[in-house]
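The structure under discussion appears below in the form of structure tokens.
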Amino acid sequence: MIKACIFDLDGVIVDTAKYHYMAWKKLADQLNIPFNKKDNERLKGVSRMKSLEIILDLGNLNLRHEEKEELAQKKNNWYVEYINNMDKNELLPGVEEFIKNLKRKGIKIAIASASKNTKLILKRLNLEEVFDAVIDGTMISNAKPNPEIFLKASNYLNLKPEECVVFEDAVAGVQAAKRAGMKVIGVGEEEVLKGADKVIKNFKNINFTLIEFI
Ligand code: G16
Ligand code: MG
Numbered sequence: 001m002i003k004a005c006i007f008d009l010d011g012v013i014v015d016t017a018k019y020h021y022m023a024w025k026k027l028a029d030q031l032n033i034p035f036n037k038k039d040n041e042r043l044k045g046v047s048r049m050k051s052l053e054i055i056l057d058l059g060n061l062n063l064r065h066e067e068k069e070e071l072a073q074k075k076n077n078w079y080v081e082y083i084n085n086m087d088k089n090e091l092l093p094g095v096e097e098f099i100k101n102l103k104r105k106g107i108k109i110a111i112a113s114a115s116k117n118t119k120l121i122l123k124r125l126n127l128e129e130v131f132d133a134v135i136d137g138t139m140i141s142n143a144k145p146n147p148e149i150f151l152k153a154s155n156y157l158n159l160k161p162e163e164c165v166v167f168e169d170a171v172a173g174v175q176a177a178k179r180a181g182m183k184v185i186g187v188g189e190e191e192v193l194k195g196a197d198k199v200i201k202n203f204k205n206i207n208f209t210l211i212e213f214i
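Just so you know, we're using full-length UniProt numbering here: the sequence shown kicks off at 1 and counts up by one.
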């Protein structure tokens with residue numbers, strides 16, 4: 001029986017992907033590296049440093065660790081500026097209602113996000129107090145597709161992996177959830193999220209039966 005829903009943040013609860021893209025694009029332009037929306041798809045669910053390495057690869061640029069740290073920091077400063085202007089209106093369609101519904105039914109809810117800015121984002125969305133567990137990029141040593149983040153979440157909730165269902169928009173996240181032994185509902189395109197047990201476009205008109213019969 002499903003007792004908890006574990007949500008990825010970027011791309012599931014809120015569309016921060018567009019702000020990540022704006023900040024990475026600004027950095028890529030400064031470095032004269034061609035970078036477009038299609039390249040950006042490869043950055044979803046991936047850590048900050050790994051994202052930078054993908055961009056540097058596109059420009060065949062090899063930098064020292066300290067230089068990379070500096071660039072990652074620069075990108076993050078721009079990103080934080082963007083998300084500081086974000087509010088509840090940027091929640092993805094149907095999310096708030098779905099979460100309320102789960103709470104009413106006594107289902108635990110958690111966040112498992114690679115982002116080190118998770119706390120700030122939840123604050124901007126007025127959702128700091130809503131989740132029973134928040135596991136973010138500052139609390140893990142292995143990024144998705146490693147299952148660590150999801151296992152930490154179920155552990156924190158005192159539940160077995162098979163009692164949890166994960167909502168993910170990234171391929172790496174779907175793999176991580178599967179490796180954790182959890183059911184996964186993909187949020188996005190069916191062709192992209194093939195490994196998921198089920199795929200939904202978004203949370204509009206989605207109700208509790210979705211997790212009851214998975
Ligand atoms: C998110 C995004 C990624 C981003 C990562 C790290 O993960 O999908 O694109 O690179 O967080 O973010 P930050 O630079 O804020 O630490 P998720 O797991 O919420 O999809
Ligand atoms: Mg995501």
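We treat Cβ as the ideally placed atom computed from N, Cα and C, and that holds for glycine. Small disclaimer: the values here were computed from a predicted structure and weren't measured.
What do you get for residue i, buried or exposed, if any count of 16 or more other CB atoms within 10 angstroms of its CB means buried?
i: Gln175; result: buried
i: Lys44; result: buried
i: Phe213; result: exposed
i: Ser141; result: exposed
i: Glu168; result: buried
i: His20; result: buried
i: Asp136; result: buried
i: Arg124; result: buried
In the DSSP assignment, what are the bridge partners of residue i?
i: Ala110; result: Ile6, Ala133
i: Phe167; result: Phe7, Ile185
i: Ile13; result: Its beta-bridge partners do not exist; DSSP assigns none.
Where does residue i sit, in a helix, a strand or coil, going by DSSP?
i: Val95; result: helix
i: Gly188; result: coil
i: Lys198; result: strand
i: Val46; result: coil
i: residue 217; result: As displayed, the chain neither begins before 1 nor continues past 214, which places residue 217 out of reach and without an answer.
i: Leu52; result: helix
Please report the straight-line C-alpha distance between residue i and residue j, rounded to a whole angstrom.
i: Arg42; j: Leu120; result: 24 angstroms
i: Asn32; j: Gly173; result: 31 angstroms
i: Leu122; j: Gly188; result: 21 angstroms
i: Phe35; j: Val192; result: 21 angstroms
i: residue 215; j: Asn77; result: The question about residue 215 has no answer here: the residues shown for the chain are numbered 1 through 214.
i: Met49; j: Leu210; result: 35 angstroms
i: Asn207; j: Asn101; result: 7 angstroms
i: Glu53; j: Lys105; result: 43 angstroms
i: Gly186; j: Lys198; result: 6 angstroms
i: Asn117; j: Lys18; result: 15 angstroms
> Should the region 105-116 be regarded as contacting the region 2-12, the criterion being three or more beta carbon pairs within less than 8 angstroms?
Replying inline: Yes, the region 105-116 is in contact with the region 2-12.
> At a cut of 8 angstroms, does the region 197-207 reach the region 90-100 through at least three beta carbon pairs?
Replying inline: Yes: at least three Cβ pairs fall under 8 angstroms.
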